[in-house]
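Under the working numbering, the first residue of the sequence shown is numbered 15, with each subsequent residue one higher.
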Amino acid sequence: MRAARIILSIAVIAGLAVGGFCLSSCSRGASGPIDRKVMIIGVDGLEWDVMGPLIETGRLPTFARLMDEGAWGEIQSLDILESPVIWTSIATGKLPEKHGITGFAKVIRGAADVVPMTSNVRRVETIWDMLGEQGLSVGVISWLATWPAEPVNGYMISSYFNYGWNSDPNDKNKRITFPEGLADDLAKYRVGSSDISDEQLHEFLATDVEPGSALEARSEALRVAIATDETTRRVAHSLAGSFPTDLFAVYFRGVDGPSHKFWTDAFPETGPPITEEEMETFGQVVPRYYEYMDRVVGEFLEYADENTTVIVTSDHGHSGPKLRGGTYQWGIAMHDPSGFVILWGRDVVPGQLSDPSVLDITPTILALYGLPVADDMDGRVLAESMDPAFLRAHPIMSVATYEADEPERGSQDREPVESPVDDEVRERLRSLGYIE
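Next comes the structure, spelled out in structure tokens:
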């Protein structure tokens, strides 16, 4: 039975990727998309003030190489510094008032608690929708606000794949992936916090944590962060190696969680007093997690050939808790409006970008494929990152919109979909101070 499920999933993905499909927007590209591949690696919370010194001391060799050979800059985020909002703007080129994802969660009538934001609330097309309609194959892994997983011209592993669906046999699949059969095929790659060994944990710690000590509870947050990113990493390697796609987009929770939990251990001057023991034990968690993400990004560069353009981006940066009215504000208050972005590979020229924005990613990808940028997008093409010869051969074009000539996919009052893992999602959001 398992072999049959795997064969079915392979057949479905292969059929989508080879055959493709083309909706009304196919006419938007005069001669069709350029033959190239684009890889987007999203790392939540990258902060240049942390990266810069680590690069200077040789601790981030992958990021150093990408900066040396590519175009880079501090990327400007949105006024709303909530990650699902920003990652949806990255994937659409539009502000939240247009795309409809306005926070981590929403109060809905009849619900006992706030409901995490879900994909059905989004009102506009994403870059993977636009490219899929042009016949290009797409692979999307763990991007925020992608559950329930939607049909794409390839595969989608939703942001809920990491949660505990296996706890109830009646909750199998439930649109965690597209095609749905992939949820079973990929379950073997899921990593729980209990699967993270002490040896793995100690790669991030300066000293051992005594079992039963007051520090052990804090170290559990680190296990959760590692397990989440390791799940995404293993799933992404499996699919990138087995099912190459024209667009490959993978999101890592990355340095965001460890920055929330261990920032003041690394930078004690930014927050309330901590003990010497905490500083000694957890003081290297943040920089070592940057080193871990540097290695992860480096691994995925192995899938990038001479025909690939790679974009590594964060949604926002990080800082310490904010002292307001004598009280420290944590959670979203720790998000900094400047993140980090690098473009590298085919048709990219080295240099520093001019005030890049999270709204610029989708327009830039469209231009890299020789496709028009929509007038109703709020970002611009990062033309300064592109080879002038490429721009002469493929001038930037425009089109009114990529939205279908039919009512918006989401209505203004559409509500998030409740799921069996909502309690787990809310617990994680509360642990980071994102919701009350």
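Where is the CB? At the ideal position from N, CA and C, for every residue including glycine.
This one's a predicted model, so the numbers in the text were calculated from it and none came from an experiment.
(message) To test your reading of the DSSP string, which unbroken alpha helix (DSSP H) runs of 4 or more residues are found completely within the stretch 330-382?
(response) 375-382
(message) According to DSSP, is residue 24 part of a helix, a strand, or is it coil?
(response) Low confidence applies here, because residue 24 scores a pLDDT of 47, under 50, leaving its location unreliable and the question unanswered by this model.
(message) Let me confirm a value: residue 329 is counted as buried when at least 16 other C-beta atoms fall within 10 Å, else exposed. Which label applies?
(response) buried
(message) Quick check: the stretch 94-105 against the stretch 297-314, are at least 3 beta-carbon pairs closer than 8 Å?
(response) Of all C-beta pairs linking the stretch 297-314 to the stretch 94-105, fewer than three are shorter than 8 Å, placing the two stretches out of contact.
(message) Spatial neighbours of residue 222 within its chain, please: C-beta separation below 7 Å, excluding the five flanking residues on both sides.
(response) 216
(request) May I ask you to list the residues that DSSP assigns as paired with residue 412? (result) 387
(request) Note down, one range per segment and in chain order, each alpha helix (DSSP H) of at least 4 residues found wholly within the stretch 262-325. (result) 270-280, 290-296 and 299-314
(request) In the DSSP assignment, find the beta strand (DSSP E) that holds residue 48 and state where it starts and stops. (result) Here residue 48 belongs to no beta strand (DSSP E), and DSSP marks it neither H nor E.
(request) For residue 158, collect the residues of the same chain with a Cβ closer than 7 Å to its Cβ; drop the 5 residues on either side in sequence, then sort them by chain order. (result) 97, 98, 101, 173 and 265
(message) Is it buried or exposed, residue 433, if we count other Cβ atoms within 10 angstroms and call 16 or more buried?
(response) buried
(request) Reducing DSSP to helix, strand and coil, say where residue 54 ends up. (result) strand
(message) Please report the distance separating the alpha-carbon of residue 342 from that of residue 348.
(response) Computed Cα separation, rounded: 10 Å.
(request) Kindly indicate which residue of 274, 195, 253 and 199 has the alpha-carbon position closest to the one of residue 233. (result) Scanning 274, 195, 253 and 199 for the CA closest to the CA of residue 233 turns up 274.
(request) Please go through the same chain and pick out, in chain order, the residues whose beta-carbon is closer than 8 Å to the beta-carbon of residue 444, but skip the five residues on each side of it. (result) 450
(request) Identify, in the order they occur along the chain, each residue of the same chain with its Cβ nearer than 6 Å to the Cβ of residue 146, setting aside the five sequence neighbours on each side. (result) 152, 166 and 167
(message) Please report the distance separating the alpha-carbon of residue 39 from that of residue 383.
(response) With a pLDDT of 37 at residue 39, under the threshold of 50, the predicted position of this residue should be treated as unreliable, and no value is reported.
(request) Going by CA-CA distance only, name the one from 161, 138, 336 and 325 that's closest to residue 52. (result) Ranking 161, 138, 336 and 325 by Cα distance to residue 52 puts 325 first.
(request) Mind the definition here: the stretch 77-89 touches the stretch 278-298 only if three or more C-beta pairs lie below 8 Å; say whether that holds. (result) no
(request) Within 10 angstroms of the Cβ of residue 122, are there 16 or more other Cβ atoms? Answer buried if so, exposed if not. (result) exposed
(request) Tell me, please, which residues DSSP counts as bridged to residue 87. (result) In the DSSP output, where bridge partners are listed per residue, residue 87 has 355.
(message) Less than 7 Å between C-beta atoms, sequence neighbours within five positions excluded: which residues of the same chain meet that for residue 163?
(response) Cβ neighbours of residue 163 beyond the five flanking positions: 170, 172, 189, 190, 191 and 192.
(message) Three Cβ pairs or more, each shorter than 8 Å: is that satisfied between the stretch 361-381 and the stretch 84-91?
(response) yes
(message) Does the beta-carbon of residue 450, which I'm using as the reference point, lie nearer than 7 Å to any heavy atom of the ligand MG?
(response) The model on display carries no ligand, and the ligand MG is accordingly not part of it.
(message) Starting from residue 255, trace the alpha helix (DSSP H) in both directions and tell me its first and last residue.
(response) Annotation for residue 255: the continuous alpha helix (DSSP H) segment containing it runs 228-256.
(message) Using CA atoms only, rank isn't needed, just tell me which of 397, 389 and 312 is closest to residue 361.
(response) Restricting attention to 397, 389 and 312, the CA atom closest to the CA of residue 361 is found in 397.
(message) Between the alpha carbons of residue 277 and residue 236, how many angstroms are there, rounded?
(response) 12 Å
(message) Below 8 Å on the Cβ atoms is my contact criterion, and I expect residue 226 with residue 344 to pass it. Report the Cβ-Cβ distance as a whole number of Å.
(response) Not really, about 26 Å apart at Cβ, beyond 8 Å.
(request) Taking all protein chains shown into account, decide if residue 377 is buried (16 or more other Cβ within 10 angstroms of its Cβ) or exposed. (result) buried
(message) Run through the DSSP bridge pairs and tell me what residue 119 is partnered with.
(response) DSSP lists 130 as partners of residue 119.
(request) Examine chain B for any beta-carbon lying closer than 8 Å to the beta-carbon of residue 278, and answer yes or no. (result) The structure shown contains no chain B, having only a single protein chain.
(message) Tell me the rounded alpha-carbon separation between residue 57 and residue 240.
(response) 13 Å
(request) Name the two residues that bound the continuous beta strand (DSSP E) containing residue 154. (result) 152-155
(request) Return the chain-ordered list of same chain residues with a C-beta closer than 6 Å to the C-beta of residue 246, the five sequence neighbours on each side being excluded. (result) 156 and 266
(request) State the Cα-Cα distance for the pair residue 68 and residue 281, rounded to the nearest angstrom. (result) 14 Å
(request) Would you mind sorting residue 259 into buried or exposed? The rule is 16 or more other CB atoms within 10 Å of its CB. (result) That one is buried.
(message) Measuring only the C-alpha atoms, how far is residue 430 from residue 142?
(response) 21 Å
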